[in-house]
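J.: If you read the protein sequences in the order shown, they are chains X and B. With UniProt numbering as the guide, the letters of the first sequence map in order to residues 1 to 235. With UniProt numbering as the guide, the letters of the second sequence map in order to residues 1 to 194. Every residue gets a Cβ at the ideal spot worked out from N, C-alpha and C, and that includes glycine.
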Amino acid sequence: MPELLTLENVWAGYGDAVVLEDISLTLGEGDSLSLLGRNGMGKTTLFSTLMGAARHRSGAIRFAGRDLTRVPAHARAHSGLGWVPQERDIFPSLTVEENLTVVATRGPWTLQRVYEMFPRLKERRGNMGNQLSGGEQQMLAMGRALMLNPRLLLLDEPMEGLAPLIVQELMTIIQRLTEDSGMAIILVEQHARQILPLTRQALVLERGKAVYRGDSETLLNDRALLDGWLGVVAH
Amino acid sequence: MKAIDIIHAEHRALGAVLQAFGFILDEVRDGRLKPDFTLLEAMIEYITEVPDKLHHPKEDEVLFVALRARLPQAGALIDKLQHDHAEGNRHIAELRDTLRRYREEGPEGFRTFEATARAYIANSWSHVALEERELLPLARKGLSEGEWANIDAAFEANKDPWSGPTGEFRSLFTRIVSMVPAPHGLGPSAGSDT
Chain X
1 MPELLTLENV
11 WAGYGDAVVL
21 EDISLTLGEG
31 DSLSLLGRNG
41 MGKTTLFSTL
51 MGAARHRSGA
61 IRFAGRDLTR
71 VPAHARAHSG
81 LGWVPQERDI
91 FPSLTVEENL
101 TVVATRGPWT
111 LQRVYEMFPR
121 LKERRGNMGN
131 QLSGGEQQML
141 AMGRALMLNP
151 RLLLLDEPME
161 GLAPLIVQEL
171 MTIIQRLTED
181 SGMAIILVEQ
191 HARQILPLTR
201 QALVLERGKA
211 VYRGDSETLL
221 NDRALLDGWL
231 GVVAH
Chain B
1 MKAIDIIHAE
11 HRALGAVLQA
21 FGFILDEVRD
31 GRLKPDFTLL
41 EAMIEYITEV
51 PDKLHHPKED
61 EVLFVALRAR
71 LPQAGALIDK
81 LQHDHAEGNR
91 HIAELRDTLR
101 RYREEGPEGF
111 RTFEATARAY
121 IANSWSHVAL
131 EERELLPLAR
141 KGLSEGEWAN
151 IDAAFEANKD
161 PWSGPTGEFR
171 SLFTRIVSMV
181 PAPHGLGPSA
191 GSDT
């Protein structure tokens, strides 16, 4: 699996505050990683650091053979990183189709392919972003990120606040993305036992430090580790 | 213990549909939603077929057999769970019959259907709770690594546990999600004109 993303001893945070301490990880093309930890442990900050929205203090970040720290924040989305933030970040005043096409870049993810993945978006293509339910908005946010044809998709708590029925449906879609898309994926979620089966690797953060880096399956099968780091969310 | 993860995953999928089913009953009872019989039939198909065809056979034929052999003290609990599995067929027939009568009789048939459906939902939750709170902790502690390896292998033979042999239950689930009104599903919310 050719290397896509490498972090070496990365320290980052906001202003003078350090949130991430000495983080290292490697992700290959098409690989998948569960990024786990309790609230406030630095998961979203890691995404913000990759996207240039947090202050990178030291350490190397290489993405697709480039030094990512030298790529301006505004250019990172077009350098192969697709971010689906918790806030979903869709345009309420554009239609579903406009939301998708306005960010489109050339590549395997076309409007038709996104509609195949999310048939509901096709049904709602003429509706405005602000007319969508929470589940539809999450699908649109994921569809927008795919239209950028990223090599790495960052999903920040995509199931947060959604009803169980929609959570199950999104899990199926994420499983298809991790298994068949050829795109690398980092998935942040609170519910470790639900998402670990979907990814090959896992990274657990505790107070900004990596306390586990390895196979998802090993972590999933080690109840003591899961309970120790993730508490009730692991049950 | 992949078998336990598979059981939990199947419980989550089933629980999601049970919760949405309760929501639909609330909405119809309170006059906020007209009954959608296609949706009700799809939900009943899911909550009856998936446990009966995919979930219970793995438990009955693999996990319960190993547990009975290793932990005789779990016998009464397993008897109760297997009685629930066997009773399932009777409850399914009742549920389908009351839905058919509701469809034929109109609003007069709702109360009987609702009572049967709510009893089915409550029984399903009790069954899931009994497995998760009593049976699985017993199994986790009582079975050896070797026994778990055999159980895991048997459960994993069905790699994608809740899709069904040809993906039919996954398609059914997606169809349900698309019909259940928001915020529980992706269908238009009650009273919405969009």
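1) Report buried or exposed for X:S32, applying the criterion of at least 16 other Cβ atoms within 10 angstroms of its Cβ.
2) For X:Y14, count neighbouring C-beta atoms within 10 Å of its own C-beta (all shown protein chains included) and say buried if the count is 16 or more, exposed if not.
3) Could you list the residues in the UniProt domain "Hemerythrin-like" (3 to 139) of chain B with a C-beta less than 8 Å from some C-beta on chain X, going in chain order?
4) So, for X:M142: in the same chain, excluding its five sequence neighbours on each side, which residues have a beta-carbon less than 6 Å away from its beta-carbon?
5) What whole-angstrom Cβ distance do X:S133 and B:P183 have, given they're in contact under 8 Å?
6) Going by DSSP in three states, B:P72 sits in which element: helix, strand or coil?
7) For X:W120, go through chain B and note every residue whose CB falls closer than 7 Å to its CB, in chain order.
8) Quick check on the DSSP output: the beta strand (DSSP E) that includes B:E147 runs from which residue to which?
9) Just to confirm the assignment: which complete beta strand (DSSP E) runs, minimum length 3, are found wholly within the UniProt domain "Hemerythrin-like" (3 to 139) of chain B?
10) Measuring alpha carbon to alpha carbon, tell me which residue in B:H8, B:L71, B:A13 is nearest residue 200 of chain B.
11) Pull the bridge partners of X:A184 from the DSSP assignment, please.
12) Whole angstroms is fine: what's the gap from X:N99's alpha carbon to X:G129's?
13) Pick out whichever of B:D5, B:L14, B:D26, B:W148 has its Cα sitting closest to the Cα of B:K53.
14) Count the other CB atoms, across all protein chains shown, that sit within 10 Å of the CB of X:H235; report buried if there are 16 or more and exposed otherwise.
15) Return yes when the Cβ of X:S181 is within less than 8 Å of the Cβ of X:L196, no when it is not.
16) If the criterion is Cβ atoms closer than 8 Å, does the pair X:M183 and X:L220 meet it?
17) Per DSSP, X:D215 forms a beta bridge with which residues?
18) Using the Cα positions of B:I92 and B:Y46, report the straight-line distance between them to the nearest angstrom.
19) Which chain X residues sit within Cβ distance under 7 Å of B:P183?
20) Nearest-angstrom Cα distance between B:D26 and B:R175?
21) Just by C-beta distance, which residues in the segment 161 to 174 of chain B are closer than 8 Å to chain X?
22) Under 8 Å between C-beta atoms, does X:E169 make it to chain B?
23) Please return the same chain residues whose Cβ sits closer than 6 Å to the Cβ of B:T48, not counting the five positions on each side in sequence.
24) Between X:I166 and chain B, is any beta-carbon pair separated by less than 8 Å?
25) Give the residues of chain B in contact with X:T172, contact being defined as C-beta atoms less than 7 Å apart.
26) Spatial neighbours of B:F37 within its chain, please: CB distance less than 6 Å, with the 5 preceding and 5 following residues excluded, ordered by chain position.
27) Less than 8 Å separating the beta-carbons of X:M159 and X:L177?
28) Based on Cα-Cα distance, which residue from B:H85, B:R90, B:E147, B:A3 lies nearest to B:T116?
29) With a 10 Å radius around its C-beta and 16 neighbouring C-beta atoms as the bar for buried, classify X:Q194 as buried or exposed.
30) Between which two residues does the alpha helix (DSSP H) carrying X:M74 extend?
31) Once you ignore the five residues that flank X:W229 on each side, which residues in its own chain have a CB closer than 7 Å to its CB?
32) Which residues does DSSP pair with X:S32 in a beta bridge?
33) Residues of the segment 183 to 214 of chain X in Cβ contact with chain B at a cutoff of 9 Å, in chain order, please.
34) Give the C-beta separation of B:I151 and B:A66 to the nearest angstrom, bearing in mind that I take them to be a contact with Cβ-Cβ under 8 Å.
35) Touch check for the segment 76 to 83 of chain B and the segment 106 to 120 of chain B: three-plus C-beta pairs under 8 Å?
36) Check the Cβ-Cβ distances between B:S189 and every residue of chain X, and say whether any is below 8 Å.
T.: So, from the data block:
1) buried
2) exposed
3) D5, H8, A9, R12, A13, G15, A16, V17, Q19, A20
4) V84
5) 6 Å
6) helix
7) Inspection of the sequence shows that residue 120 of chain X is occupied by Arg rather than by Trp. Those within 7 Å of X:R120 in chain B are S178, L186.
8) First-last for B:E147: 145 to 156, but that is the alpha helix (DSSP H), not the beta strand (DSSP E).
9) none
10) Residue 200 of chain B lies beyond the range of chain B shown here (1 to 194); nothing can be said about it.
11) X:L152
12) 8 Å
13) B:L14
14) Confidence is the limiting factor: at X:H235 the pLDDT is only 41, short of 50, which leaves the residue's position unreliable and the question unanswerable from this model.
15) no
16) no
17) X:Q201
18) 11 Å
19) S133, G134, A163
20) 21 Å
21) R170, F173, T174
22) yes
23) I92
24) yes
25) R170
26) R103
27) no
28) B:R90
29) buried
30) Here residue 74 of chain X turns out to be His, not Met, going by the sequence shown. Looking at the DSSP string, the run of the alpha helix (DSSP H) that includes X:H74 is 73 to 76.
31) V204, E206, V211, Y212
32) X:I185
33) R193, Q194, L196, P197
34) 6 Å
35) no
36) yes
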